[in-house]
Amino acid sequence: MEKSEIIYVSRDRSEKGHYVAPILKGLRYTLGNFFRKPITLQYPDEKTQRSARWRGLHRLNVDEKGDLKCVACGLCAAICPSQAIALVPYEEEGKTRYPEEFIVDELRCVFCGFCQEACPKGAISLTQVYDYVDYCRKDFLFDIAKLKTTGCS
Amino acid sequence: MNDLFIIPVIKLLVIFGVCLFFIAYTTWLERKALGHFQLRYGPMRVGYHGLLQPIADGIKNIFKEEVIPENADKAVFVLAPIISISMAVILLAVIPFGDSITIFGKKINLYLADPSIGILFILGFATIGSYGTILGGWSSGNKYGYMGGLRASAMIISYELSMAFAVISIIMVSGSFSLVDMVAAQHNVWNIVREPVAFLVFFISGVAELNRIPFDMPEAESELCCGYNIEYSSMKFALFFLAEYTHLFVFASLVTTLFLGGWHGPFLPGVVWFFLKTFTIIFVCIWIRATIPRLRYDKVMKLEWKFLLPVAIANVIATGAVMALWG
Chain A
68 MEKSEIIYVS RDRSEKGHYV APILKGLRYT LGNFFRKPIT LQYPDEKTQR
118 SARWRGLHRL NVDEKGDLKC VACGLCAAIC PSQAIALVPY EEEGKTRYPE
168 EFIVDELRCV FCGFCQEACP KGAISLTQVY DYVDYCRKDF LFDIAKLKTT
218 GCS
Chain B
41 MNDLFIIPVI KLLVIFGVCL FFIAYTTWLE RKALGHFQLR YGPMRVGYHG
91 LLQPIADGIK NIFKEEVIPE NADKAVFVLA PIISISMAVI LLAVIPFGDS
141 ITIFGKKINL YLADPSIGIL FILGFATIGS YGTILGGWSS GNKYGYMGGL
191 RASAMIISYE LSMAFAVISI IMVSGSFSLV DMVAAQHNVW NIVREPVAFL
241 VFFISGVAEL NRIPFDMPEA ESELCCGYNI EYSSMKFALF FLAEYTHLFV
291 FASLVTTLFL GGWHGPFLPG VVWFFLKTFT IIFVCIWIRA TIPRLRYDKV
341 MKLEWKFLLP VAIANVIATG AVMALWG
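Here the protein sequences line up with chains A and B, keeping their order. In the working numbering, each residue carries its 1-based index in the first sequence increased by 67. In the working numbering, each residue carries its 1-based index in the second sequence increased by 40.
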């Protein structure tokens, strides 16, 4: 191999003291950071903004007369990918159909929003509540009474 | 009787109390400043902006369980943090905090002792303080702690050389070993103007002596399971921790005394200037900690033996030449 065919990759890199200038640049950058406002949010005094479409805990909506809009068609329970909805309908001849038992297991739920999209009546919707905490697992099985009042406390 | 006993005891209590208070709050300052350098807040919950955090840490350390490993050499294990903290606190005795003040018609000097070998006193006791690190690493009964202690000892011994040579040039300029005389010799111009190279060498060596980033190889390995204080719990660990911050405070005071004119300054009383300058140096140390990554262990040795020591020796020779030729 000729000497002219050799490529020197590190020819322009100075060996000694090449770290002094980057250190000084770094020092200037951190000093600039010191005088900037920190980007931390002081939770729970300050919270992030959520969009209107945010999928949080479920709520069963009511109409003007105060009855549940839900007609217990079972579409939400059928489409739920985690099988988190348990639904027992009640039907009488000649009267409207309504759910006798409607239990959403919030611990199984993945908050995909399919139930909200599948419902033909707009009876179930996902609110913006994300910080619900409780002590036992069974308190996370939301029945109708709890589902009516999500996000209202 | 008064001069021999009561006044020194009062000075001792005041200096001890004030300095320990400042050292405990240096830990608060470090956490807050490090946070702001990293675009976050430091402690915010304990008291207003975390001001009660050092007290909370102290109480936590008192209530924690003391664990002594089975393989440890018990006597040395308990002795190591005691050596560390006592040698660190002794150094506070010779630092001149300010000009002499007059209380009740009696002139009181704001230092506890003024031995004629002042700076040698500090260098000597700081070296004995490093025994705490070495013995702590060895007595932990843990191979990794032992290695961390060995690395710490090698690093500390090396950097003491360049630190001593930087101090020698200041001794030559001031004409005396005593710290009070060094401060008095700076009433016209600060030593940093006369000896800038010595300032840089002293600063870098001091940061290495303190085991601080970018030289915290002995401690960083705690994060990776090594380190001389790996087997220490509650109060003994707190003593090591406090010893490190006391050494930081003493180092900053030394930089102030040797290079930045001690307590000299216009308008404000000497004590205020002293603490302002000391905390500026502490701030710069924290700033460096927030910025620079950790040096590899062989680079640390290379920096000292191939760069700092020759530069320090050359500085001493140059200072001597200038003093001989131009008085």
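Glycine residues also receive a C-beta, built at the ideal position from the N, C-alpha and C atoms. These figures come from a predicted structure and were not determined experimentally.
Using a Cβ distance threshold of 8 Å, F181 (chain A) and P148 (chain A) count as a contacting pair.
Considered as a whole, the stretch 146-180 of chain A harbours 152-157 and 165-172 as its complete beta strand (DSSP E) runs of no fewer than 3 residues, in chain order. The beta carbon of A283 (chain B) lies closer than 6 Å to those of S124, I125 and A128 in the same chain, with the five residues before and after it left out. What T331 (chain B) touches in chain A, judged by beta-carbon distance under 8 Å, is I90, G93, L94, Y96 and T97, going in chain order. Around the beta carbon of H85 (chain A), fewer than 16 other beta carbons lie within 10 angstroms, which makes this residue exposed.
Here H125 (chain A) carries a strand assignment [DSSP, helix/strand/coil]. For S192 (chain A), the uninterrupted beta strand (DSSP E) run begins and ends at I191 to L193, by DSSP. The stretch 91-106 of chain B and the stretch 114-130 of chain A do not touch, with fewer than 3 CB-CB distances between them shorter than 8 Å.
Spanning the alpha carbons of A119 (chain A) and K215 (chain A) requires a straight line of approximately 19 Å. A direct Cα-Cα distance of roughly 6 Å separates F280 (chain B) from P121 (chain B). The C-alpha of S245 (chain B) is placed about 20 Å away from the C-alpha of A358 (chain B).
L152 (chain B) places its beta carbon less than 8 Å from that of A133 (chain B).
Annotated three-state conformation of F209 (chain A) is strand, per DSSP. Note that the C-beta distance between L250 (chain B) and L288 (chain B) is below 8 Å.
Of all residues in the stretch 339-351 of chain B, none has a C-beta nearer than 8 Å to a C-beta of chain A. In the DSSP assignment, K104 (chain B) falls outside any alpha helix (DSSP H) and carries neither an H nor an E. In the DSSP assignment, K147 (chain B) is bridged to B:T142.
With distances taken between CA atoms, E110 (chain B) lies nearest to B:G181 out of B:F62, B:G181 and B:V207. DSSP, read as helix, strand or coil, puts L135 (chain A) in strand. Contact between the stretch 311-320 of chain B and the stretch 137-157 of chain B is present: 3 or more CB-CB pairs across the two stretches fall below 8 Å. An exposed status is given to K70 (chain A), since fewer than 16 other beta-carbon atoms sit within 10 Å of its beta-carbon. Counting the other CB atoms within 10 Å of its CB gives F61 (chain B) a total below 16, which places it among the exposed residues.
Shown here, V220 (chain B) sits in a helix according to DSSP, grouped into three states. With 16 or more other Cβ atoms from the protein chains shown falling within 10 Å of its own Cβ, P254 (chain B) counts as buried.
Neighbours of H76 (chain B) across chain A, judged by C-beta separation under 8 Å: N100, F101 and P105. Taking a C-beta distance under 8 Å as the contact criterion, G302 (chain B) and V223 (chain B) qualify as a contact pair. Look at R80 (chain B): its C-beta is under 8 Å from a C-beta on chain A. A Cβ-Cβ distance of about 5 Å is found for the pair A330 (chain B) and T97 (chain A), placing them in contact under the 8 Å criterion.
F291 (chain B) is positioned such that its CB atom lies no closer than 8 Å to that of I232 (chain B). The straight-line gap separating the alpha-carbon atoms of T163 (chain A) and I146 (chain A) is approximately 23 Å. Rounded to the nearest angstrom, the gap between the Cα atoms of I328 (chain B) and E70 (chain B) is 11 Å. Proximity of chain A to W327 (chain B) at the Cβ level (cut-off 7 Å) is accounted for by L94, T97 and L98, in chain order. Listed in chain order, the non-local C-beta contacts of V129 (chain A) below 7 Å within the same chain comprise L135, K136 and K215, local neighbours out to five positions each way being set aside. Annotation for A153 (chain B): no alpha helix (DSSP H) segment contains it, and DSSP assigns it neither H nor E. For T320 (chain B), the uninterrupted alpha helix (DSSP H) segment begins and ends at G310 to T331. Short of 6 Å from the beta carbon of P155 (chain B), and not among the five residues preceding or following it, lie these beta carbons of its own chain, in chain order: F161.
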